[in-house]
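Colleague:
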Amino acid sequence: MSDELPEADCLTGAPHPRHADTVFGHDRPVAQFMEALETGRMHHGWLLSGPKGVGKATFAWQAAKRLIDGGQGPFMVNPKSPAARQVKSLAAPGLSLCRRSWDEKTKRLRSVLGVDDVRRMKSFFTMSSAEGGWRVGIVDSADEMNTSAANALLKLLEEPPARTVFFLIGHQPSLLLPTIRSRCRSLRFDPLTTDDIASALGQASIGTEDLEGVSTLAAGSAGRAVQLMSSDGVELYRLILNMLSTMPGADRQSAMKLAETAAGRQATDQYDMLLDLIPLSLSRLTLMASRGGGVEQGFPGEAEMAARLLPTPTVQQMAAQLVSDVMARAAHGRAVNLDPGQVILDMILSIDTAFRKAA
Numbered sequence: 000m001s002d003e004l005p006e007a008d009c010l011t012g013a014p015h016p017r018h019a020d021t022v023f024g025h026d027r028p029v030a031q032f033m034e035a036l037e038t039g040r041m042h043h044g045w046l047l048s049g050p051k052g053v054g055k056a057t058f059a060w061q062a063a064k065r066l067i068d069g070g071q072g073p074f075m076v077n078p079k080s081p082a083a084r085q086v087k088s089l090a091a092p093g094l095s096l097c098r099r100s101w102d103e104k105t106k107r108l109r110s111v112l113g114v115d116d117v118r119r120m121k122s123f124f125t126m127s128s129a130e131g132g133w134r135v136g137i138v139d140s141a142d143e144m145n146t147s148a149a150n151a152l153l154k155l156l157e158e159p160p161a162r163t164v165f166f167l168i169g170h171q172p173s174l175l176l177p178t179i180r181s182r183c184r185s186l187r188f189d190p191l192t193t194d195d196i197a198s199a200l201g202q203a204s205i206g207t208e209d210l211e212g213v214s215t216l217a218a219g220s221a222g223r224a225v226q227l228m229s230s231d232g233v234e235l236y237r238l239i240l241n242m243l244s245t246m247p248g249a250d251r252q253s254a255m256k257l258a259e260t261a262a263g264r265q266a267t268d269q270y271d272m273l274l275d276l277i278p279l280s281l282s283r284l285t286l287m288a289s290r291g292g293g294v295e296q297g298f299p300g301e302a303e304m305a306a307r308l309l310p311t312p313t314v315q316q317m318a319a320q321l322v323s324d325v326m327a328r329a330a331h332g333r334a335v336n337l338d339p340g341q342v343i344l345d346m347i348l349s350i351d352t353a354f355r356k357a358a
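Written out as structure tokens, the structure is:
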């Protein structure tokens with residue numbers, strides 16, 4: 000794929016994971032992988048599972064550099080080594096990347112990882128030679144495969160080429176075929192700490208302003224933190240809280256101000272972020288209310304707002320259902336390409352109506 004085209008396995012506003020030189024916060028998976036490499040018990044298939052954005056792809060690319068580099072040494076290879084440079088430029092002779100491809104007809108990335116994408120990887124390993132070294136296949140993400148692609152990948156895992164290792168990145172491994180999961184060794188990646196998120200952002204040359212707020216909303220995901228930073232997510236969340244603080248009987252000016260942040264062609268990222276943050280705000284308030292405010296982190300006034308808006312288990316149950324309703328409205332707005340500002344305003348009014356009834 001040309002560098003000028005979007006990459007399906009790269010977050011907007013962040014460098015591709017292959018350019019990272021360090022994996023932060025995942026000592027246990029690193030140790031398990033290195034033990035397999037050093038003892039000669041390398042499994043041909045590895046399923047990297049865990050929340051989206053915690054570093055699974057970064058690990059896979061670093062592991063690819065380690066295998067292609069060969070020889071002895073730590074997990075993190077010299078970023079100036081020939082292997083590291085070849086992997087970063089997608090020029091390593093023993094590397095194949097399987098991801099959603101570009102559709103020339105629609106001029107956009109395909110919505111699923113299809114069978115042709117997997118077949119290209121299979122053809123690559125059929126034609127290429129290991130020449131005594133390791134060959135690596137990365138599937139990012141395996142969750143996006145359709146049925147035909149999954150069956151094609153299963154055949155590769157059942158009869159893997161010699162000295163070939165596959166890394167399957169799975170945000171929701173339960174969506175994969177049980178037979179695929181059974182043929183892979185599983186590595187679990189846990190959410191990152193605030194310090195690890197700060198380190199990951201620094202490696203990507205992304206500022207760490209308002210790190211506490213970003214970390215609270217990112218929930219241990221460096222990828223999510225990147226999205227929050229690039230879309231002014233923390234400030235948008237504060238606007239959402241300000242709007243919710245006027246309920247029931249939402250302040251019209253606050254509601255319009257929030258809707259206006261999603262208006263216009265240049266506000267696509269803010270619109271997508273609002274569609275995620277509005278239901279997240281309800282989820283956080285519901286959780287706080289059910290726990291009596293007992294959560295590790297929160298924004299100023301958030302716990303008090305939760306206690307006021309959701310004083311009883313009955314209202315809390317209503318709010319939990321409201322989260323599903325709001326998410327359905329967001330999905331519908333995306334699907335039929337409704338006016339962003341109107342979608343946001345409609346979500347706000349539906350939330351306010353529900354709190355009015357509860358009151």
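Numbering-wise, numbering that gives the first Met the number 0 puts 195 at position 196 of the sequence shown, and it's gapless, one number per residue. C-beta atoms are modelled at their ideal positions from N, C-alpha and C, and glycine is treated no differently.
Is it true that the CB of residue 16 sits closer than 8 angstroms to the CB of residue 190?
Modeller: No, the pair does not count as a contact, with Cβ atoms beyond the cut-off.
Colleague: Tell me the DSSP secondary structure of residue 120 in three-state form.
Modeller: Three-state DSSP puts residue 120 in a helix.
Colleague: Can you list, in chain order, the residues of its chain with a C-beta nearer than 6 angstroms to that of residue 214? Leave out the 5 residues immediately preceding and following it.
Modeller: Closer than 6 angstroms at the Cβ level, and outside the excluded window around residue 214, lie 193, 196.
Colleague: Who are the near neighbours of residue 1 in its chain, counting only those whose CB is closer than 7 angstroms to its CB and skipping five residues on each side?
Modeller: Confidence is the limiting factor: at residue 1 the pLDDT is only 41, short of 50, which leaves the residue's position unreliable, though a coordinate-based value still follows. Here the set comprises nothing.
Colleague: Say whether the segment 163 to 180 touches the segment 131 to 140, bearing in mind that this needs 3 or more beta-carbon pairs closer than 8 angstroms, one atom from each stretch.
Modeller: With a cut-off of 8 angstroms, the segment 131 to 140 and the segment 163 to 180 count as touching, because enough Cβ pairs lie within range.
Colleague: By Cβ distance below 6 angstroms, which residues in the same chain neighbour residue 204 in space, the five residues on each side in sequence not counted?
Modeller: Nothing listed; no residue qualifies.
Colleague: Hey, out of 30, 71, 103, 66, whose CA is closest to residue 85's CA?
Modeller: Here the closest residue by C-alpha is 66.
Colleague: With a threshold of 8 angstroms on Cβ separation, who are the neighbours of residue 285 within its own chain once the five nearest residues in sequence on each side are excluded?
Modeller: So the list reads 305, 309, 315, 318, 319, 322, once near-sequence residues are dropped.
Colleague: Measure the alpha-carbon distance for residue 211 versus residue 334 and round it to whole angstroms.
Modeller: Between residue 211 and residue 334, the C-alpha separation is close to 33 angstroms.
Colleague: Quick test of your reading: residue 167 and residue 44, contact by CB under 8 angstroms. State the CB separation rounded to the nearest angstrom.
Modeller: Right, the Cβ-Cβ distance comes to about 7 angstroms (below 8 angstroms), so this counts as a contact.
Colleague: Is there contact here, the segment 255 to 268 with the segment 339 to 349, by at least three beta-carbon pairs under 8 angstroms?
Modeller: A contact exists between the segment 255 to 268 and the segment 339 to 349.
Colleague: Express the C-alpha separation of residue 10 and residue 230 in angstroms, rounding to a whole number.
Modeller: Approximately 12 angstroms between the Cα atoms of the pair.
Colleague: Using the Cα positions of residue 12 and residue 6, report the straight-line distance between them to the nearest angstrom.
Modeller: Straight-line Cα distance between these residues: approximately 12 angstroms.
Colleague: I'd like to check one pair, residue 280 with residue 239: are the Cβ atoms closer than 8 angstroms?
Modeller: Contact flag set, yes.
Colleague: Out of curiosity, what's the CA-to-CA distance linking residue 234 and residue 48?
Modeller: Using only the alpha carbons, I get a separation of about 31 angstroms.
Colleague: What are the start and end residues of each continuous alpha helix (DSSP H) run of 4 or more residues lying completely inside the segment 212 to 297, in chain order?
Modeller: Fully enclosed alpha helix (DSSP H) runs of 4 or longer: 221 to 229, 232 to 243, 251 to 259, 267 to 289.
Colleague: Relative to the C-alpha of residue 370, which candidate in 118, 46, 276, 19 has its C-alpha closest?
Modeller: Lying outside 0 to 358, the shown extent of the chain, residue 370 is not represented and no answer is given.
Colleague: So what's residue 189 in DSSP terms, helix, strand or just coil?
Modeller: In the structure shown, residue 189 sits in coil (DSSP, three-state: anything other than H, G, I, E or B).
Colleague: Measuring CA to CA, which of 120, 105, 93, 140 is closest to residue 112?
Modeller: Closest option to residue 112, Cα to Cα, is 140.
Colleague: How is residue 23 classed by DSSP in three states: helix, strand or coil?
Modeller: In this structure, residue 23 counts as coil in the three-state DSSP scheme.
Colleague: Looking only at C-alpha atoms, which of 95, 252, 68, 14 sits nearest to residue 36?
Modeller: Comparing Cα positions, the closest option is 68.
Colleague: Are residue 57 and residue 90 closer than 8 angstroms when you measure CB to CB?
Modeller: Going by C-beta atoms, residue 57 is not nearer than 8 angstroms to residue 90.
Colleague: By the three-class DSSP mapping on this structure, what secondary structure does residue 139 have?
Modeller: Three-state DSSP puts residue 139 in a strand.
Colleague: Would you mind sorting residue 64 into buried or exposed? The rule is 16 or more other CB atoms within 10 Å of its CB.
Modeller: Classification of residue 64: buried, given that the 10 Å Cβ count is 16 or more.
Colleague: Ignoring anything shorter than 4 residues, give me the alpha helix (DSSP H) runs that lie fully in the segment 56 to 120, in order along the chain.
Modeller: Complete alpha helix (DSSP H) runs here, min 4: 81 to 87.
Colleague: Can you pull the DSSP bridge partners for residue 134?
Modeller: Answer is 163, bridged to residue 134.
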